[in-house]
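For what it's worth, this note's numbering labels the leading residue of the sequence shown as 5, then goes sequentially.
Ideal Cβ placement from N, Cα and C applies to all residues, glycine included.
Structure first, commentary second.
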Amino acid sequence: MANANGELSFYDISDKADPTLVQHLFLLTGHNTLESLKLLAGDISLLAGDAQGNVTQWFPVKDAEGRRVLRRIRGFSDFSQPVTAIAPEHTRKGFLAVDKSGRIGLFHTTAESTLLVERVSDSAILKAAIAPRANAMLLQDAQHLYFYTINNEHPEVSMKALWGKVWYESYPKPDYIWQSSSASNDFEPKLSLIPLSFGTVKAAFYAMLFAIPLAVMGAIFTAQFMSPSMRKVVKPSIEIMEALPTVILGFLAGLWLAPFMEANLPGIFSIMIIMPLGLLLFAYLWQELPDRVRHSVPDGWEAALLIPVVIGLGYFCFVLSPVLEDSFFAGDMPGWLRNELGVNYDQRNSLVVGLAMGFAVIPTIFSIAEDAIFAVPKHLVQGSLALGATPWQTLVRVVLLTASPGIFSAIMIGMGRAVGETMIVLMATGNTPIMDFSVFEGMRTLSANIAVEMPESEVDSTHYRVLFLAAVVLFTFTFIFNTVAEVVRQRLRQRYSNL
């Protein structure tokens, strides 16, 4: 209930026999009067028009005590005369408002946008109505009736709605939300592209975090230290990995890798410690062996000795995993993360995506980087060695600098592929559009969102058009990465061309 002074009483009528007063507040400030009051579509938000030409939106928000109290969310100050009538749209979060000077305005609350303000009469408009499909309006002043058609197909879209924080109905604070559909007719479209863009960058980041060290270090060893006969086997084997369909990798990641990692989470993290330490220990012990044993392995074939070591250390970590989980995490590491650290664990998370998508990106980075390193002129390498530099000094100070344009291009091309990857992130991420950089949470990327929602979207609807905009944003991402890669490559090439 409200009076002309803007005093409003907010009651809880869940118990119809005994309504409870929840809040008593003033909708207006200063010397002002309340001219019109309407509920927005869905009956959650309240629209209040005053004598100063302002229209404000209010809806319930939980306070510090957990009570739902009315709060002013946003306002529209496009009139200079009293707002005489408000007509909310029937199925969307837009409304029509008219003032005493004969002007009408079309507004949308979620997009927080003023769509149209125009004078239609020389006298005050007393009543206004809008058609059920929001494609026409009927106005009345003291002498005439006015009928206008409205062409307002996509009012939900604005820069604020797409890229800014929006305070949606029933939410505790403004946020970036993507939720394009709902079973309720009172649904408020949430079309922020920020969670999808964030998820795209997040997925690419964790994939590259896994792929870059393995691919670049593998390329360095293959090009510089591996024997030619072994290189003829290793390089084609890694390059043929690129022929694996990403839908198969996504299928394996979602149905096998994700449950396996959840069941062996301590083993996964122990690999990150035990594997490098074990390889360093093996290298040290190898150096301590007698010369006749070490020289029995041809130069450039030492890497073959690491294959059983890597397999053995990996097997040891997974055998050790249940012991670590029982000893340190009460037999349930995902539950321990939730209960002790407050970190949510989603089975299809960034760790799964990083491994699966990194595996798909490694061949691209490896192949280009290895070609760049192998193409370094031999006279530079031989000259450096002849002057007394060690192979590692030659690698760091001559080979890598000369090959740096190609290595950087390889990384950026791999990044471009990771950004545009669809099937792996579609099947292995959980497709939850959240803003959380945690490695234990999933995400939704632009490409996966297009693949999921495009078949179900109504042609030429706002949702349909926003999906095409998401495709443009994805194209922009890849264009930026490729452009930066080319610019940096050219500068590196110019800088180190005189070596």
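Query raised in the report: How close, in whole Å, do the beta carbons of residue 274 and residue 328 come, if the pair is a contact with beta carbons under 8 Å?
Result: The sequence position of residue 274 within the sequence shown is 270, counting from 1. The sequence position of residue 328 within the sequence shown is 324, counting from 1. About 6 Å; that satisfies the 8 Å criterion.
Query - Spatial distance of residue 71 from residue 175 (CA atoms) - result: Taking the sequence shown and counting its residues from 1, the one referred to as residue 71 is at position 67. Taking the sequence shown and counting its residues from 1, the one referred to as residue 175 is at position 171. C-alpha separation (whole angstroms): 13 Å.
Query raised in the report: Can you find at least 3 beta carbon pairs, one from the stretch 248 to 267 and one from the stretch 424 to 436, that sit closer than 8 Å?
Result: yes
Query raised in the report: Whose C-beta lies closer than 6 Å to the C-beta of residue 374 among residues of the same chain, with five residues either side of it excluded?
Result: If you number the sequence shown from 1, residue 374 lands on position 370. Result list for residue 374: 223, 226, 227, in chain order.
Query - Completely contained alpha helix (DSSP H) runs for the stretch 236 to 260, where each covers 4 or more residues - result: 250 to 256
**Report entry** Proximal residues to residue 57 (C-beta, below 8 Å), its chain only, five neighbours per side dropped
**Finding:** Along the sequence shown, one-based indexing puts residue 57 at 53. For residue 57, where only same-chain residues beyond five positions count, the Cβ hits under 8 Å are 81, 82, 83, 84, 85, 86, 87, 103.
Requested in this report: If I'm right that residue 423 touches residue 482 with Cβ under 8 Å, what's the distance once you round it to whole angstroms?
Outcome: Stepping through the sequence shown from its first residue, residue 423 is reached at position 419. Stepping through the sequence shown from its first residue, residue 482 is reached at position 478. Contact holds; Cβ gap of about 6 Å.
**Report entry** CB of residue 200 within 8 Å of CB of residue 453, strictly
**Finding:** For this step, residue 200 is matched to residue 196 along the sequence shown. For this step, residue 453 is matched to residue 449 along the sequence shown. Cβ distance < 8 Å, so residue 200 and residue 453 count as in contact.
Query - 7 Å Cβ shell around residue 489 - same chain, five flanking residues per side excluded - result: Position 485 of the sequence shown holds residue 489. 412, 413, 416, 417.
Query raised in the report: What did DSSP end up calling residue 141 once you bin it into helix, strand or coil?
Result: The residue you call residue 141 lines up with position 137 of the sequence shown. Strand, per DSSP.
Report task. Find the nearest neighbour of residue 49 within the set 122, 377, 61, judged by alpha-carbon distance. Result -> The residue labelled residue 49 in the question sits at position 45 within the sequence shown. Cα-wise, what sits closest to residue 49 is 61.
Report task. Return the CA-CA distance between residue 159 and residue 170, expressed in angstroms with no decimal places. Result -> Within the sequence shown, numbered from 1, the residue matching residue 159 stands at position 155. Within the sequence shown, numbered from 1, the residue matching residue 170 stands at position 166. Cα to Cα, the separation comes out at about 15 Å.
Query raised in the report: Below 8 Å between beta carbons: does that hold for residue 141 and residue 128?
Result: The residue labelled residue 141 in the question sits at position 137 within the sequence shown. The residue labelled residue 128 in the question sits at position 124 within the sequence shown. The criterion of a C-beta distance shorter than 8 Å is not satisfied by residue 141 and residue 128.
Query raised in the report: Which partner residues of residue 447 appear in the DSSP bridge assignment?
Result: In the sequence shown, counting from the first residue as 1, residue 447 sits at position 443. Paired residue(s): 434.
**Report entry** Nearest neighbour of residue 23, chosen from 13, 202, 32 [CA to CA]
**Finding:** The sequence position of residue 23 within the sequence shown is 19, counting from 1. Minimum Cα distance to residue 23 is reached at 13.
Report task. Put residue 461 into one of helix, strand or coil per three-state DSSP. Result -> Residue 461 sits at position 457 when you count from the first residue of the sequence shown. Residue state, collapsed to three classes: coil.
Report task. Name, in chain order, the residues that DSSP records as bridge partners for residue 109. Result -> Position 105 of the sequence shown, counting from 1, holds the residue named residue 109. DSSP lists 101, 121 as partners of residue 109.
**Report entry** Identified DSSP bridge partners for residue 72
**Finding:** Within the sequence shown, residue 72 is the residue found at index 68, counting from 1. In the DSSP output, where bridge partners are listed per residue, residue 72 has 66.
Query raised in the report: Going along the chain, which residues of its own chain have a beta-carbon closer than 6 Å to the beta-carbon of residue 433, five neighbours each way excluded?
Result: Counting from one through the sequence shown, the residue named residue 433 turns up at place 429. Taken in chain order, the residues that qualify are 352, 357, 446, 447.
Report task. Measure the C-alpha to C-alpha separation of residue 420 and residue 487 and round it to an integer number of angstroms. Result -> On the sequence shown, position 416 is the one that residue 420 refers to. On the sequence shown, position 483 is the one that residue 487 refers to. Roughly 10 Å separates the two Cα atoms.
Query raised in the report: What number of angstroms, rounded off, separates the C-alpha of residue 438 from the C-alpha of residue 181?
Result: Indexing the sequence shown from 1 puts residue 438 at position 434. Indexing the sequence shown from 1 puts residue 181 at position 177. Residue 438 and residue 181: Cα-Cα distance of roughly 8 Å.
Report task. Let me know the secondary structure DSSP gives residue 382 once reduced to three states. Result -> Residue mapping note: residue 382 aligns to position 378 of the sequence shown, counting from 1. In the structure shown, residue 382 sits in a helix (DSSP, three-state: H, G or I).
Query raised in the report: Would you call the CB atoms of residue 112 and residue 119 closer than 8 Å?
Result: If you number the sequence shown from 1, residue 112 lands on position 108. If you number the sequence shown from 1, residue 119 lands on position 115. It is a contact, given that the beta carbons lie within the stated cut-off.
**Report entry** the stretch 450 to 469 / the stretch 375 to 383 touching (three or more Cβ pairs under 8 Å)
**Finding:** no
Query - Rounded straight-line distance, which links the Cα of residue 95 to that of residue 372 - result: Position 368 of the sequence shown, counting from 1, holds the residue named residue 372. Position 91 of the sequence shown, counting from 1, holds the residue named residue 95. Looking at the two C-alpha atoms, the distance is approximately 54 Å.
Requested in this report: Identify the continuous beta strand (DSSP E) that holds residue 304 and give its terminal residues.
Outcome: To locate residue 304, count along the sequence shown from 1; it is residue 300. Careful: residue 304 lies outside any beta strand (DSSP E) and carries neither H nor E.
Query raised in the report: Taking just the CA atoms, how far does residue 168 sit from residue 497?
Result: Residue 497 sits at position 493 when you count from the first residue of the sequence shown. Residue 168 sits at position 164 when you count from the first residue of the sequence shown. Spanning the two alpha carbons is a distance of roughly 40 Å.
Report task. Under 7 Å Cβ to Cβ from residue 238, same chain only, skipping five residues before and after it: list those, please. Result -> As a working mapping, residue 238 is identified with position 234 in the sequence shown. The residues are 226, 230.
Query raised in the report: Can we say the stretch 308 to 319 touches the stretch 273 to 289, given the rule of at least three CB pairs closer than 8 Å?
Result: yes
Requested in this report: Please classify residue 61: does DSSP put it in a helix, a strand, or coil?
Outcome: Sequence index remark: in the sequence shown, residue 61 carries index 57 (1-based). Reduced to three states, the DSSP call for residue 61 is strand.
Query raised in the report: Considering residue 280, what are the terminal residues of the alpha helix (DSSP H) in which it resides?
Result: Reading the sequence shown from its first residue, position 276 is the one you call residue 280. From DSSP, the alpha helix (DSSP H) with residue 280 extends over 269 to 292.
**Report entry** Sequence-distant residues of the same chain with beta carbon closer than 8 Å to residue 342, five excluded per side
**Finding:** Counting from 1 along the sequence shown, the entry for residue 342 is found at position 338. Closer than 8 Å at Cβ, skipping near neighbours: 348, 349.
Requested in this report: Please name the residue in 278, 257, 52 whose C-alpha comes closest to that of residue 32.
Outcome: Working through the sequence shown from its first residue, we reach residue 32 at position 28. With distances taken between Cα atoms, residue 32 lies closest to 52.
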